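**Q** Protein chains in written order, with the numbering used here: chain A, 30 to 165; chain B, 715 to 929.
Ideal Cβ placement from N, Cα and C applies to all residues, glycine included.
Keep in mind the model is a prediction, meaning the values are calculated, not measured.
Below you'll find the structure I mean.
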Amino acid sequence: MSAETVAVEPDPHVKDRAPGDEPETVGSISKGVRSYLLGLGLAVLLTAASFWTVLGHGIYRPGVPVAVLVLAIAQMGIHLIFFLHITTAPDNTNNVLALAFGTLIVSLVVFGTLWIMATMNHNMMPPSHLLQMHPP
Amino acid sequence: MSPSSVPAAVNAYHLAPARQLPASDAGPAPKRIVIGYGFWIFLLSDVILFASLFAAYAVLSNATAGGPAGHDIFELRNVAIETACLLTSSFMCGMASLAVGVRNQKWTQITLWLTGVLGLCFLLLEFHEFSGLVARGYGPSHSAFLSSFYTLVGCHGMHVTAGLLWLGTMMAQFMAKGFRPDIRYRYLCFSLFWHALDIIWVAIFSLVYLVGVST
């Protein structure tokens, strides 16, 4: 009994995926092309939208940087899904965990720097006050 | 066919995932997985390098030292064409991945050539922008804003240059050595690198050029 069951023990790595691996496109290249075209179309739409927020006048001026940031993050997501084939499927857990850690470090570096430097700027004495500080 | 007539072994394969080996007993992953994952880790560390350059730029973008600010020197038309070049280049790289997947030498070479030409167009446009700025006296030593701008955008340009050299190597290797597994692993890494550069460019054209022009 044990001999047969061991023989068909599934390859434990059969479901692993490397980042960038094509999702099951063997024999159906049109499906792959369609997926890339969809990604390209969505990326073009989001790029056009972010240029429009700046060049058009449809958005409240002070809100433009936030709108551009949101559109940029959305477009990075599109690239990750359609071009790099990073998904949340179980076969992609390692890749997604690495990406999540990378995102954590990136946000710590960027927001940490901005926070620290803004605080230091805030605490710095204005140059006009510095000039008045001569020794008695 | 009643469920009881299904052979026990097939049953175990399809219906009982718990019978699979635990990850600790599974042994090493295939080479393709290990290489792809390792390169993915490298790319994320490269993204962290860019994050520090972005942070420096964000802090220094107002330190113009009396010189020009972003909205004085950025030309969005140029940036839009650069973006179009790099995006279609990334798309062509995806087409090349499909061609490599079906082992089609002719389409692999055509799509990789288009990838390279579009990447080169991007580089030339960027060089044109930089040389125009330097000719007007706005070189990297003009202000802290310009130093961080050239460092960030130039670092991306250096990556694209390295990617183009790698791309030429890949085309030659596909031509000379065919679709050997080791060459395909190298191509997997190259395509990841090229797509990642496009992601970084998304951040650059949004946060540097578009935000720079609007503020």
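Output, in sequence order along the chain, the residues in the segment 856-871 of chain B whose CB is closer than 7 Å to any CB in chain A.
**A** The segment 856-871 of chain B vs chain A, Cβ under 7 Å: nothing.
**Q** Quick one, which of B:Arg817, B:Ile913 and B:Val925 has its alpha-carbon nearest Thr802 of chain B's?
**A** When only C-alpha atoms are compared, the closest one is B:Ile913.
**Q** Leu67 of chain A CB to nearest chain B CB: under 8 Å?
**A** No, Leu67 of chain A lies away from the interface with chain B (no Cβ there is under 8 Å from its Cβ).
**Q** Measure the alpha-carbon distance for Ser905 of chain B versus Met885 of chain B and round it to whole angstroms.
**A** Ser905 of chain B and Met885 of chain B: Cα-Cα distance of roughly 13 Å.
**Q** Let me know if Trp144 of chain A comes out buried or exposed under the rule of 16 or more other beta-carbons within 10 Å of its beta-carbon.
**A** Exposed is the call here.
**Q** Rounded to a whole number of angstroms, what is the C-alpha to C-alpha distance between Ala722 of chain B and Ser79 of chain A?
**A** Its pLDDT being 45, under 50, Ala722 of chain B is placed unreliably in this model, and the coordinates cannot settle the point.
**Q** Classify Asp786 of chain B: buried if its beta carbon has 16 or more other beta carbons within 10 angstroms, exposed otherwise.
**A** That one is exposed.
**Q** Below 8 Å, how does it come out for the segment 752-768 of chain B and the segment 61-71 of chain A: are there three or more Cβ pairs, yes or no?
**A** Short answer: they don't touch.
**Q** Comparing C-alpha positions only, which one of B:Gly815, B:Gln887 and B:Glu789 sits nearest to Lys60 of chain A?
**A** When only C-alpha atoms are compared, the closest one is B:Gly815.
**Q** Starting from the C-beta of Cys903 of chain B, find all residues in its chain whose C-beta is less than 6 Å away, skip the five residues before and the five after it, and write them out in chain order.
**A** Only Phe753 meet the Cβ criterion.
**Q** Looking only at its own chain, which residues have a Cβ that is under 7 Å from the Cβ of Pro782 of chain B, when we skip the five neighbours before and after it?
**A** Excluding positions up to five away in sequence, the list reads Tyr852.
**Q** Output yes or no for whether 8 Å exceeds the beta carbon distance between Ile115 of chain A and Leu128 of chain A.
**A** Going by C-beta atoms, Ile115 of chain A is nearer than 8 Å to Leu128 of chain A.
**Q** Does any residue of chain B bring its CB to less than 8 Å from the CB of Ala72 of chain A?
**A** With 8 Å as the cut-off, Ala72 of chain A counts as an interface residue toward chain B.
**Q** Is there a Cβ from chain A that is less than 8 Å from the Cβ of Thr822 of chain B?
**A** For Thr822 of chain B, the answer is no, since every Cβ of chain A falls outside 8 Å of its Cβ.
**Q** Quick check: is the beta carbon of Ser803 of chain B nearer than 8 Å to any beta carbon in chain A?
**A** Output row for Ser803 of chain B: interface = no.
**Q** Return no unless some Cβ of chain B is closer than 8 Å to the Cβ of Asn121 of chain A.
**A** For Asn121 of chain A, the answer is no, since every Cβ of chain B falls outside 8 Å of its Cβ.
**Q** For the segment 826-838 of chain B against the segment 804-814 of chain B, do three or more pairs of beta-carbon atoms, one drawn from each stretch, fall closer than 8 Å, so that the two count as touching?
**A** Short answer: they touch.
**Q** So the candidates are B:Leu774, B:Leu837, B:Leu834 and B:Leu758; which of them puts its Cα closest to the Cα of Leu113 of chain A?
**A** The candidate whose alpha carbon is nearest that of Leu113 of chain A is B:Leu758.
**Q** For chain A, check one thing: does any of its Cβ atoms lie closer than 8 Å to the Cβ of Trp827 of chain B?
**A** Taking Cβ atoms only, chain A never reaches closer than 8 Å to Trp827 of chain B, which makes this a no.
**Q** Under 7 Å, CB to CB, which of the residues in the segment 900-921 of chain B have a partner in chain A?
**A** Listed by position along the chain: Leu902, Ser905, Leu906, His909, Asp912, Ile913, Val916, Ala917, Ser920 and Leu921.
**Q** State whether the segment 788-802 of chain B contacts the segment 913-928 of chain B, with contact taken as three or more CB pairs (one from each stretch) at a distance under 8 Å.
**A** Flag = yes, the segment 788-802 of chain B and the segment 913-928 of chain B touch.
**Q** Taking CB distances under 8 Å as the criterion, tell me whether Gly85 of chain A reaches chain B.
**A** Taking Cβ atoms only, chain B never reaches closer than 8 Å to Gly85 of chain A, which makes this a no.
**Q** Going by C-alpha distance, which of B:Glu843, B:Leu911, B:Phe756 and B:Asn776 is nearest Ser862 of chain B?
**A** Here the closest residue by C-alpha is B:Asn776.
**Q** Give a yes or no on whether the minimum CB-CB distance between Val874 of chain B and chain A is below 8 Å.
**A** It does not: the Cβ of Val874 of chain B has no partner Cβ on chain A nearer than 8 Å.
**Q** Are the Cβ atoms of Gly784 of chain B and Val916 of chain B separated by less than 8 Å?
**A** No, they are not a contact pair.
**Q** Residues of chain A with CB closer than 8 Å to the CB of Met809 of chain B, please, in chain order.
**A** Within 8 Å Cβ-Cβ: Val62 and Tyr65.
**Q** Taking just the CA atoms, how far does Met889 of chain B sit from Ser136 of chain A?
**A** Cα to Cα, Ser136 of chain A sits roughly 42 Å from Met889 of chain B.
**Q** Could you give the first and the last residue of the continuous alpha helix (DSSP H) run that contains Met153 of chain A?
**A** Note, Met153 of chain A: premise wrong, no alpha helix (DSSP H); not H, not E.
**Q** Could you say which of B:Leu832, B:Tyr751, B:Ala737 and B:Ala740 lies nearest to Ala899 of chain B if we only look at CA atoms?
**A** At residue 899 of chain B the sequence reads Tyr, which differs from the Ala that was named. Checking every option, the nearest Cα to that of Tyr899 of chain B belongs to B:Tyr751.
**Q** Taking only three categories from DSSP, how would you classify Gln161 of chain A?
**A** Coil.
**Q** Which residues in the same chain have their Cβ closer than 7 Å to the Cβ of Ala103 of chain A, if we skip the five residues on either side of it in sequence?
**A** Within the same chain, Ala103 of chain A has close Cβ partners Leu75.
**Q** Can you list the residues of chain B that Ala101 of chain A reaches, using a CB-CB cut of under 9 Å?
**A** Within chain B, the residues near Ala101 of chain A are Val916, Ala917, Phe919, Ser920, Leu921 and Leu924.
**Q** Identify whether Asp45 of chain A lies in helix, strand or coil by the three-state DSSP scheme.
**A** Asp45 of chain A falls in the coil class under three-state DSSP.
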